[in-house]
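S.K.: Would you mind keeping the following structure in view while I ask a few things?
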Amino acid sequence: MEKHRFWLPLNLQLFAADGGAGEGASGGSGDGGAGGSGGSGGEGEGKDSGQGQGEGEKTFTQADLDKVVNKTIARERTKWEKDFETKLTEAKTEAEKLAKMNAEQKADYERQQRETKLTEREGEINRRELRATALETLAEKGLPKQLADILVYTDADSTSKSIESVEKVFRDAVEAAVNERLKGDPPKGGGGKGNAAFDEISKIFAKRG
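Heads up, the sequence shown is in full-length UniProt numbering, so the first residue is 1 and it goes up one at a time.
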């Protein structure tokens, strides 16, 4: 069967295993221009090296294109099969549990599953609300919003205590950094400069949003 050929302009550097393909393409076009009427320039070299003709064009057969497509499909299929096997294993485990239960046990198990999912959803909603409140509190205190990522969101009380603890650690870190810079030049007025530095840092974080 005759193979169909497609002429596709390509950036051969993308397909090169090393620098050779790119050099072949550039060399082919350059020598072609110099060869001109002599006919012994780049076009001949382009054919010998298999890099195509003229301005770096290359012929692709239908088999070449099919190979690229099949390779892509195979890679995606492998990923999909792994995910499917994991879900199938989980489903089998769940089915085995149910198979060993009588009607009353099944009903009780399913009820527990529903309650667990409901509790998880409620907990997620609660954490979102606590985080939103924590972000407002951090902004009011002039603390960077990034600190919200290390807070505790079990309940309102634990979140509040967490903010107080993080604020102390952050302020101590600012003061330590200021003292380190001012070594050899003691700040006037005790800890005033530490507080001033904290205010300046707070303004910077406020501008960042």
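Every residue gets a Cβ at the ideal spot worked out from N, C-alpha and C, and that includes glycine.
Nothing here was measured: the structure is a model prediction, and the numbers come from that model.
#1: Count the other CB atoms, across all protein chains shown, that sit within 10 Å of the CB of S165; report buried if there are 16 or more and exposed otherwise.
#2: Going by C-alpha to C-alpha distance, which of E175, K106, N126, K92 sits closest to V152?
#3: Excluding five sequence neighbours on each side, which residues of the same chain lie with their C-beta closer than 8 angstroms to the C-beta of G39?
#4: Just mark A156 as buried or exposed, buried being the case when its beta carbon has 16 or more other beta carbons within 10 Å.
#5: Buried or exposed: E140, going by 16 or more other Cβ atoms within 10 Å of its Cβ?
#6: Give every residue of the same chain whose Cβ lies closer than 7 angstroms to the Cβ of R128, excluding the five residues on either side of it in the sequence, and list them in chain order.
#7: Applying the 10 Å Cβ sphere with the 16-neighbour rule, what's the burial state of E130?
#8: Note down the Cα distance separating A132 from K168, rounded to an integer number of angstroms.
#9: Quick check on the burial criterion: 16 or more other C-beta atoms within 10 angstroms. Buried or exposed for I150?
#10: Looking only at C-alpha atoms, which of K97, T119, E90, A173 sits nearest to Y109?
#11: DSSP three-state label for T137, please.
#12: Give the DSSP-derived three-state secondary structure of K100 in the structure shown.
#13: So what's K183 in DSSP terms, helix, strand or just coil?
#14: Is the separation between the beta-carbon of L135 and that of F170 shorter than 8 angstroms?
#15: Would you identify the three-state DSSP class for G142, choosing helix, strand or coil?
#16: Just the Cα atoms here: how many angstroms apart are L138 and L182?
#17: Classify L151 as helix, strand or coil using the three-state DSSP reduction.
#18: By how many angstroms is the C-alpha of E124 removed from the C-alpha of Q112?
M.R.: To lay it out plainly:
#1: Walking along the sequence shown from the start, residue 165 turns up at place 165. So S165 ends up on the exposed side.
#2: Looking up residue 152 in the sequence shown gives position 152. Among E175, K106, N126, K92, the Cα nearest to that of V152 belongs to N126.
#3: By 1-based counting over the sequence shown, the position of residue 39 is 39. Since pLDDT at G39 reaches only 42, below the 50 mark, its modelled position is unreliable, and no value is offered.
#4: The sequence position of residue 156 within the sequence shown is 156, counting from 1. With fewer than 16 Cβ atoms within 10 Å of its Cβ, A156 is classed as exposed.
#5: Here residue 140 refers to the residue found at position 140 when the sequence shown is read from its first residue. Looking at its Cβ environment, which holds fewer than 16 other Cβ atoms inside 10 Å, E140 is exposed.
#6: Translated into positions along the sequence shown, residue 128 becomes position 128. For R128, where only same-chain residues beyond five positions count, there are no Cβ hits under 7 angstroms.
#7: Position 130 of the sequence shown, counted from the start, is the residue given in the question as residue 130. Note that residue 130 corresponds to Leu in the displayed sequence, not to Glu. Buried: at least 16 other Cβ atoms inside 10 Å.
#8: Counting from 1 along the sequence shown, the entry for residue 132 is found at position 132. Counting from 1 along the sequence shown, the entry for residue 168 is found at position 168. Straight-line Cα distance between these residues: approximately 21 angstroms.
#9: Reading the sequence shown from its first residue, position 150 is the one you call residue 150. Exposed, by the Cβ-count rule.
#10: Against the sequence shown, residue 109 aligns to sequence position 109. Nearest of K97, T119, E90, A173 to Y109, Cα basis: K97.
#11: As a first step, residue 137 is located in the sequence shown; it is residue number 137 there, counting from the start. Looking at T137 - three-state DSSP - the assignment turns out to be helix.
#12: Sequence index remark: in the sequence shown, residue 100 carries index 100 (1-based). Residue state, collapsed to three classes: coil.
#13: As a first step, residue 183 is located in the sequence shown; it is residue number 183 there, counting from the start. Correct three-state label for K183: coil.
#14: Sequence index remark: in the sequence shown, residue 135 carries index 135 (1-based). Sequence index remark: in the sequence shown, residue 170 carries index 170 (1-based). No, the Cβ-Cβ distance between L135 and F170 is not below 8 angstroms.
#15: For the purposes of this step, residue 142 is taken as the residue at position 142 of the sequence shown. If DSSP states are grouped into helix, strand and coil, G142 belongs with coil.
#16: Here residue 138 refers to the residue found at position 138 of the sequence shown. Here residue 182 refers to the residue found at position 182 of the sequence shown. Cα to Cα, the separation comes out at about 28 angstroms.
#17: Stepping through the sequence shown from its first residue, residue 151 is reached at position 151. In the structure shown, L151 sits in coil (DSSP, three-state: anything other than H, G, I, E or B).
#18: Counting from one through the sequence shown, the residue named residue 112 turns up at place 112. Counting from one through the sequence shown, the residue named residue 124 turns up at place 124. Their Cα atoms are separated by approximately 18 angstroms.
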